[in-house]
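Enquirer:
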Amino acid sequence: MGLHTFALVLLLAAQHAFTENLHESMTEDELAFYLGVVSASTAAPEYQVVFMTPPLAVEGADNEGGMGTEELRYEFHAFDMPVSLKLRRNPYLIAPSFKTFKHNGNAQRILSRTPPRCHYLHQSDGTVAAISMCEPREVRGVVLLPNDTLQISPLSHRLRTIIMEREAAVIAEGQGPESVPHLVRRAPLMPSNSLLGDAVPLIYDRQSAIFAEKAEELVGKEQKNFEFLDENDDEQESNIDVDYEKEPVRKRSPRASSDFILELGVFFDAAGYRLFSPFFNNDDKQIRDMLLAYMNAIQALYLHPSLGRTVQLSIVRLDLFASQPSDLPHYGGERGQLLDSFCLWNEKHNPKGDSDPGHWDMGLYVSGLDFFAYEGGQKSGVTMGLATVAGVCTTQYNCVIAELGTVNTFGKPYPSAGFTSVYVLAHEIGHNLGMHHDSSGNPCAKEGYVMSPSRGTQGETHWSSCSASVLRDMGWAKCLNDNPSKISQTNDHTRFKNIPGQFWTAKRQCEFLLRDKDSVTEVQSGSLAEICQNLKCSTPHRSGYYFAGPALEGTSCGRDLWCQGGDCVPVKRVGAQKPLTEFPGGWSAWKEDGKCSSGCIKDSKGSQNKRRACDNPKPVNTDEGCDGPSFSVGLCDDNKMCRKRITVEEYAAKKCKEFSKLLPELDPSTGLQAPHETGRLWMSCSIFCKRKDTGAFYTPRLELNDLGVDPYFPDGTLCNSEGGKKSFCLQHHCLPEDFDFEESGSRVMKENEVLLPQNAGPKPTKSWPETIKDFFTLGKDKKSKLNTLNFGRADLDSLFSEEDWDDKDYREIPH
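Sequence positions in the sequence shown follow mature numbering (1 follows the signal peptide of the UniProt record, and there is no 0) and run -19 to -1, 1 to 796.
1) According to DSSP, simplified to helix, strand and coil, what is M62?
2) Let me know if P750 comes out buried or exposed under the rule of 16 or more other beta-carbons within 10 Å of its beta-carbon.
3) Hey, which unbroken runs of the alpha helix (DSSP H) at 4 residues or more fall wholly within the segment 639 to 687?
4) Using only CA atoms, which one of F757, W485 and W543 lies nearest to Y693?
5) Please determine, among G429, R69 and D499, the residue with the shortest C-alpha to C-alpha distance to A594.
6) Between L662, G313, L294 and Q29, which has its C-alpha nearest P135's C-alpha?
7) In this structure, does DSSP put G587 in helix, strand or coil?
8) State yes or no: is the C-beta of L662 nearer than 7 Å to some heavy atom of the ligand ZN?
9) Could you tell me the distance, in whole angstroms, from the CA atom of G705 to the CA atom of D719?
10) My understanding is that G697 touches L643, with C-beta atoms under 8 Å, so please give their C-beta distance in whole angstroms.
11) Quick one: does V451 have its CB under 8 Å from some CB of chain C?
12) By how many angstroms is the C-alpha of S446 removed from the C-alpha of D419?
13) In angstroms, rounded to a whole number, what distance separates the CA positions of P169 and L272?
14) Can you tell which of G546, K488, C581 and D541 has the C-alpha that lies nearest to the C-alpha of E563?
15) From D337 to N331, what distance separates their C-alpha atoms?
16) Mind checking whether C637 and C670 have CB atoms under 8 Å apart?
17) Going by other Cβ atoms of all chains shown within 10 Å of its Cβ, with 16 needed for buried, is Q457 buried or exposed?
18) Would you kindly check if the distance between the Cβ of H714 and the Cβ of L662 is under 8 Å?
19) Taking 8 Å as the cut-off, decide whether the C-beta atoms of C518 and A532 are in contact.
20) Going by CA-CA distance only, name the one from S611, F612 and V405 that's closest to Q280.
21) Using the C-alpha atoms, what's the distance from S65 back to P97?
22) Would you call D762 buried or exposed, if buried means 16 or more other Cβ atoms sit within 10 Å of its Cβ?
23) On the DSSP letters alone, give me the boundaries of the beta strand (DSSP E) that S613 sits inside.
24) Counting C-beta neighbours from all protein chains within 10 Å, is the total for T680 16 or more, i.e. buried, or is it exposed?
25) Using DSSP with H/G/I as helix, E/B as strand and the rest coil, what is G530?
26) Helix, strand or coil: which one does DSSP assign to N85?
27) Which one or two residues does DSSP pair with residue 806 in a beta bridge?
28) Is R540 helix, strand or coil when you go by DSSP?
29) Could you tell me which residues DSSP puts in a beta bridge with M114?
30) Quick one: what's got a C-beta closer than 6 Å to C549's C-beta in the same chain, skipping five residues either side?
31) Output the boundary residues of the beta strand (DSSP E) element that contains N701.
32) Would you give the residue range spanned by the alpha helix (DSSP H) that V451 belongs to?
33) According to DSSP, what are the bridge partners of V347?
34) Give the secondary structure of C581 by DSSP, where H, G and I count as helix, E and B as strand, and everything else as coil.
35) Just curious, the beta strand (DSSP E) that K517 is in, first and last residue?
36) Write down the C-beta distance between M343 and N413 rounded to the nearest angstrom, noting that I regard them as a contact closer than 8 Å.
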């Protein structure tokens, strides 16, 4: 007879949800704890009150492994959607030597109390949940749905009493005496305010510190410090260095398998934490999940059949630095010194001996810094990472550094910013495993593979035979032959099933790249298949498009198609894997976003931003169902706020004076509004400044695109009054007053957009080609120099040459 398990079935006595303004009855502390707001008048996050009953134990069937494990089957409705969870007790969460550390510089916070084993996990169909039942009749936890996040908390005794009194009639109908009200809160996957316009154009990559200081003064950027929030009152805080070399609890045993097990320590630096924390609403869980999806995508590359032999990644340790440790200086991103610094830190803190379950075979320093090196006496920002060849399994050289989310001086994303960083880190790991660049001392082609010496944004998703040969002959790497320690489900990158694109859709990958929730994918060839080689992204808040690199494995590229190995293939070709269930989304109603604003220009009006959300319903595992823009602009009456108005020429001159501080070729005293053009609706909404060298008028749209300095007249500016019908600037385009964004917005914007690549380049670019600049220029007669722009593949290659990305991003072990 097999061993039997006992399942705990969590019964919900009723499916009623109570949302009658409970926050109005909360104290300040309750508001902060449950809803994260400071007052009842503040717009409270969406929440519902759901009654839950304590679980009952019933006998279950044998499980697959024959091991007794408690289970919870937990089903409820919230926000008009069913949630069904199959929870299992987490046997790995609390190890025998369990300790938790929080890093803030040299100060180490030690959470010393050993928690009870009352934690459960769920993983299936794109949903991840962590539920704890450590107190009688109370359920706490978080449910991470594909497009939503639900937080469950038991209400305080005071709030329970209020609910019981308010809903007495309903409770009497069906709620039992054991029922306890819980607050289920919907937390947005993305924060309400994304980082917008915080970047510099391609032409000014790697400018001097003086230039950076001028722009920073103009934009008014501020650096913010973030700290971890404690959840327990009995934490102990000390300012001592924590000894990570703990006594081994259980020795590992050798493993008989053809696969390698690469145990990793992953360390996310303070620059990366500051960069992503606002984007993920300062939620460390979301940052952790992002890093796990990132690591899981790397795993997918190491499972690619072209590699021949499989490398299984096992994350032994994942650390977030709220501030940089004093014994880990970053040297501003100078890659040589940074790698040396991390290797010393890695050796110091990595437990000695491969038999220690806390030991890792390779340390990965994942950084938000913009790496650079000095080559030929000049500063070069081409590099995206650095590693020592064949350093794995050593104590001094098993260390790798790689960029993630990196932007240039003003925030323009490099190819390492989006999930192209997956290939960057996979490439650096390859070096540490012993791989050299393809074509470097080997017969393999220079381009088209993971170990190619240049890594721009084109797809390099296969391994060369030279890389496969290195892996085949790695018998010397004994540390890769043992079994890893059991790791927590919440730290297990395999929960994304090697198809992270099914969890991070193409749109979400674009949002990640630009840190902008209004970002969308751009398909120029007419076929979604192109995203498997190179995903293009755009946003209504910037001109042009941005490369995100190859879409993640599993990203949908058509009906019953997904990306695998850089190709768009039928789902049925990928073994037994099946796509996740998909449900298209629907738009909410438009809502005003912010107050009426105005430039107070004569004959003009104010503007009002509007937004709608794809949450009616939310899409599940797809980007379909919500066609059209999520952001629009309408007109509003600005008479009450504009006591005095200026002419459009005065406004242009004022802005050109500001622009000239960044672009010295511009005359600081002269600006104008261009005549309206039906073929280029952006013309009369762009500010044109006089050039000192030619006397022509030029709109610095390309140079100021990502800087945070708006190169346009304010929305609401009168831009055309021919034929007795007035048009106004709306989203930087001259449109009729009654223009319908919902009906025609996307089409008009695409027809009038200047689709130039906007990623930061590898080297400083002195200027855009003159043919492109002429397209944005008015002659001395104030007429356009060039009405159409023909920008072909050759022009694109001149801006983004793969040769420019060539980089010796590895070292040889000294002999």
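By construction, the Cβ of each residue, glycine as well, lies at the ideal position given by its N, Cα and C atoms.
Expert: Short version:
1) Residue mapping note: residue 62 aligns to position 81 of the sequence shown, counting from 1. Note: M62 maps to strand in three-state DSSP.
2) Counting from one through the sequence shown, the residue named residue 750 turns up at place 769. P750 is exposed by the Cβ-count criterion.
3) 682 to 685
4) Looking up residue 693 in the sequence shown gives position 712. It is F757.
5) As a working mapping, residue 594 is identified with position 613 in the sequence shown. Cα-wise, what sits closest to A594 is D499.
6) For the purposes of this step, residue 135 is identified with residue 154 of the sequence shown, where counting begins at 1. Among L662, G313, L294 and Q29, the Cα nearest to that of P135 belongs to Q29.
7) The residue given as residue 587 occupies position 606 in the sequence shown. In this structure, G587 counts as strand in the three-state DSSP scheme.
8) Annotation note on the ligand ZN: not contained in the displayed structure, which lists no ligands.
9) Counting from 1 along the sequence shown, the entry for residue 705 is found at position 724. Counting from 1 along the sequence shown, the entry for residue 719 is found at position 738. Taking the straight line from one Cα to the other gives about 14 Å.
10) Here residue 697 refers to the residue found at position 716 of the sequence shown. Here residue 643 refers to the residue found at position 662 of the sequence shown. Wrong, their Cβ atoms sit about 25 Å apart, outside the cutoff.
11) Given the protein chain composition of this structure (a single chain), no chain C is represented.
12) The residue you call residue 419 lines up with position 438 of the sequence shown. The residue you call residue 446 lines up with position 465 of the sequence shown. Roughly 9 Å separates the two Cα atoms.
13) Counting from 1 along the sequence shown, the entry for residue 169 is found at position 188. Counting from 1 along the sequence shown, the entry for residue 272 is found at position 291. In this predicted model, P169 has a pLDDT of only 39, less than 50, meaning its place in the structure is not dependable; the value taken from the coordinates is given anyway. Straight-line Cα distance between these residues: approximately 18 Å.
14) Numbered from its first residue, the sequence shown carries residue 563 at position 582. It is D541.
15) One-based indexing of the sequence shown puts residue 337 at position 356. One-based indexing of the sequence shown puts residue 331 at position 350. Taking the straight line from one Cα to the other gives about 10 Å.
16) On the sequence shown, position 656 is the one that residue 637 refers to. On the sequence shown, position 689 is the one that residue 670 refers to. Result yes, Cβ atoms of C637 and C670 sit closer than 8 Å.
17) Reading the sequence shown from its first residue, position 476 is the one you call residue 457. Before going further, note that residue 457 is Trp rather than Gln in the sequence given. By the 10 Å Cβ count, W457 comes out exposed.
18) Within the sequence shown, numbered from 1, the residue matching residue 662 stands at position 681. Within the sequence shown, numbered from 1, the residue matching residue 714 stands at position 733. Yes, these two residues count as a Cβ contact at 8 Å.
19) The residue given as residue 518 occupies position 537 in the sequence shown. The residue given as residue 532 occupies position 551 in the sequence shown. No, these two residues do not count as a Cβ contact at 8 Å.
20) Along the sequence shown, one-based indexing puts residue 280 at 299. It is V405.
21) By one-based count along the sequence shown, residue 97 stands at place 116. By one-based count along the sequence shown, residue 65 stands at place 84. For P97, the predicted model reports a pLDDT of 47, less than 50, meaning its position is unreliable; a value from the coordinates is still stated below. If you take the alpha carbons of P97 and S65, they lie about 25 Å apart.
22) For the purposes of this step, residue 762 is identified with residue 781 of the sequence shown, where counting begins at 1. It counts as exposed.
23) Within the sequence shown, residue 613 is the residue found at index 632, counting from 1. Per DSSP, S613 belongs to the beta strand (DSSP E) from F612 to C617.
24) The sequence position of residue 680 within the sequence shown is 699, counting from 1. Per the 10 Å Cβ criterion, buried.
25) Sequence index remark: in the sequence shown, residue 530 carries index 549 (1-based). G530 falls in the strand class under three-state DSSP.
26) Mapped onto the sequence shown, residue 85 falls at position 104. Strand.
27) Any property of residue 806 remains undetermined from this structure, which presents the chain solely from -19 to 796.
28) Position 559 of the sequence shown, counted from the first residue, corresponds to residue 540. Three-state result, R540: coil.
29) For the purposes of this step, residue 114 is taken as residue 133 along the sequence shown, with counting starting at 1. In the DSSP output, where bridge partners are listed per residue, M114 has none listed.
30) In the sequence shown, residue 549 corresponds to position 568, counting from 1. The residues are A510, C513, C538 and L542.
31) For the purposes of this step, residue 701 is taken as residue 720 along the sequence shown, with counting starting at 1. Start and end: L699 to N701.
32) Position 470 of the sequence shown, counted from the first residue, corresponds to residue 451. Per DSSP, V451 belongs to the alpha helix (DSSP H) from S446 to R453.
33) The count along the sequence shown starts at 1 and reaches residue 347 at position 366. Paired residue(s): F249 and A383.
34) For the purposes of this step, residue 581 is identified with residue 600 of the sequence shown, where counting begins at 1. Coil, per DSSP.
35) Numbered from 1 along the sequence shown, position 536 holds the residue referred to as residue 517. Run containing K517: L516 to S519, per the beta strand (DSSP E) assignment.
36) Taking the sequence shown and counting its residues from 1, the one referred to as residue 343 is at position 362. Taking the sequence shown and counting its residues from 1, the one referred to as residue 413 is at position 432. Right, their Cβ atoms sit about 6 Å apart.
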